[in-house]
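In full-length UniProt numbering, the protein residues as written are 1 to 301.
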């Protein structure tokens with residue numbers, strides 16, 4: 001393999017990447033939505049590799065941001081530069097909010113900007129998916145809004161889903177849920193009638209998300225593929241789900257959990273729910289969000 005040494009053009013590059021909510025209830029491994037909870041990554045010239053803003057065990061080449069940067073170098077046949085990486089994020093780890101995807105997307109975009117290569121977003125998505133293994137988090141992180149994806153061999157097919165002005169409430173338990181753990185409990189097959197139900201609900205979900213039909217969106221949040229099996233890892237799920245069903249509020253497990261996402265066109269409905277959370281649940285945090293209309297972006301200095 002051959003490598004080209006290229007002089008970069010900027011003394012500092014800042015990359016901002018939104019958190020994401022994958023699966024969106026009925027869109028297991030294919031639907032995702034970007035939210036305005038931003039992770040920030042700064043890359044500066046340095047004679048050695050320096051990583052700040054993360055636990056000590058990830059302050060080297062094993063850092064996911066660095067790995068994504070260098071993977072992109074390999075893709076572009078470029079030598080590995082050294083740099084100072086500063087991470088500034090409060091997107092929680094292992095909570096189903098795409099924290100790893102923010103790192104992957106940041107590393108790829110930074111490499112592209114560092115060498116001023118000008119890759120298009122679909123090419124960035126291809127690299128990100130090769131690192132993450134599936135596109136449902138990285139796609140909305142790159143494009144914003146919501147996205148629907150599928151894989152055709154190693155090629156990613158994606159459709160952007162413009163969203164109505166939904167408000168979001170991310171309900172974040174103070175404990176982790178590992179994706180590897182929750183995938184072990186998933187079924188290996190589904191009945192034909194359940195497949196039909198899943199597809200029909202997913203189609204309606206996308207339309208309701210676009211059109212701002214909140215009651216229809218709530219009705220479409222009836223998953224058979226993963227939530228019935230993953231709910232056991234989120235002890236607050238059943239009580240919160242019961243309330244949301246009663247109030248016809250769309251709700252789903254974000255990614256593999258432990259975060260639960262609730263959306264509404266009326267923020268007041270989410271405020272009402274947040275007050276109940278404060279009074280009834282001691283191990284939950286929450287954050288009011290909106291859907292991020294744009295994906296990751298770069299600032300040059």
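Glycine included, C-beta positions come from ideal geometry on N, C-alpha and C.
What you are looking at is a predicted structure, and each value in this text was computed from that prediction instead of being measured.
Backbone CA spacing between residue 308 and residue 272 [nearest angstrom]: The shown model of the chain, from 1 to 301, leaves out residue 308, and the question about it has no answer.
Environment of residue 107 [buried if 16+ CB atoms lie within 10 Å]: Counting from 1 along the chain shown, the entry for residue 107 is found at position 107. That one is buried.
Residue(s) in a DSSP beta bridge with residue 114: Within the chain shown, the letter at position 114 stands for residue 114. In DSSP, residue 114 forms no bridge with anything.
Pairwise C-alpha distance: residue 75 and residue 155: Position 155 of the chain shown, counted from the start, is the residue given in the question as residue 155. Position 75 of the chain shown, counted from the start, is the residue given in the question as residue 75. Approximately 15 Å between the Cα atoms of the pair.
Exposure label - residue 232; buried when at least 16 CB within 10 Å: Here residue 232 refers to the residue found at position 232 of the chain shown. Exposed, since its Cβ has fewer than 16 Cβ neighbours within 10 Å.
Close-in-space but distant-in-sequence residues of the same chain around residue 50 (CB under 6 Å, 5 per side omitted): Here residue 50 corresponds to residue number 50 of the chain shown, with the count starting at 1. Excluding its 5 nearest sequence neighbours in each direction, residue 50 has C-beta neighbours in its own chain below 6 Å: 84, listed in chain order.
Proximity of residue 34 and residue 55 at Cβ, strictly below 8 Å: For the purposes of this step, residue 34 is taken as residue 34 along the chain shown, with counting starting at 1. For the purposes of this step, residue 55 is taken as residue 55 along the chain shown, with counting starting at 1. Going by C-beta atoms, residue 34 is not nearer than 8 Å to residue 55.
Assigned secondary structure, residue 239 (DSSP; H/G/I helix, E/B strand, else coil): Position 239 of the chain shown, counted from the start, is the residue given in the question as residue 239. Judged by DSSP in its simplified three-state form, residue 239 adopts helix.
Proximal residues to residue 47 (C-beta, below 7 Å), its chain only, five neighbours per side dropped: Position 47 of the chain shown, counting from 1, holds the residue named residue 47. The beta carbon of residue 47 sits closer than 7 Å to the beta carbons of 82 from its chain, once the five residues preceding and following it are set aside; these are given in chain order.
Minimum length 3: unbroken beta strand (DSSP E) runs contained in the region 63-122: Considered as a whole, the region 63-122 harbours 83-88 as its complete beta strand (DSSP E) runs of no fewer than 3 residues, in chain order.
Cβ-based neighbour list, residue 135, same chain, cut-off 6 Å, excluding 5 preceding and 5 following: Stepping through the chain shown from its first residue, residue 135 is reached at position 135. Closer than 6 Å at Cβ, skipping near neighbours: 129, 149, 156.
Residue closest to residue 260, alpha-carbon to alpha-carbon, out of 247, 280, 284, 278: By 1-based counting over the chain shown, the position of residue 260 is 260. Looking at the Cα atoms, 284 is the closest of the given residues.
Beta carbon of residue 216 nearer than 8 Å to that of residue 198: Counted from its first residue, the chain shown places residue 216 at position 216. Counted from its first residue, the chain shown places residue 198 at position 198. Not a contact, by the Cβ cut-off of 8 Å.
Cβ neighbour criterion (16 or more within 10 Å) applied to residue 166: Here the question's residue 166 lines up with position 166 in the chain shown. Buried is the call here.
CB-CB length for residue 26 against residue 169, believed under 8 Å: The sequence position of residue 26 within the chain shown is 26, counting from 1. The sequence position of residue 169 within the chain shown is 169, counting from 1. Wrong, their Cβ atoms sit about 19 Å apart, outside the cutoff.
Backbone CA spacing between residue 127 and residue 144 [nearest angstrom]: Reading the chain shown from its first residue, position 127 is the one you call residue 127. Reading the chain shown from its first residue, position 144 is the one you call residue 144. When rounded, the distance between both Cα atoms is 17 Å.
Residue range of the alpha helix (DSSP H) that includes residue 275: Sequence index remark: in the chain shown, residue 275 carries index 275 (1-based). Where residue 275 is concerned, the enclosing alpha helix (DSSP H) stretches over 267-280.
Top-ranked residue by Cα proximity to residue 227, from 96, 125, 58: Reading the chain shown from its first residue, position 227 is the one you call residue 227. Taking only the C-alpha atoms, the option nearest residue 227 is 96.
Residue range of the unbroken alpha helix (DSSP H) whose run includes residue 228: Counted from its first residue, the chain shown places residue 228 at position 228. Unbroken alpha helix (DSSP H) run through residue 228: 227-230.
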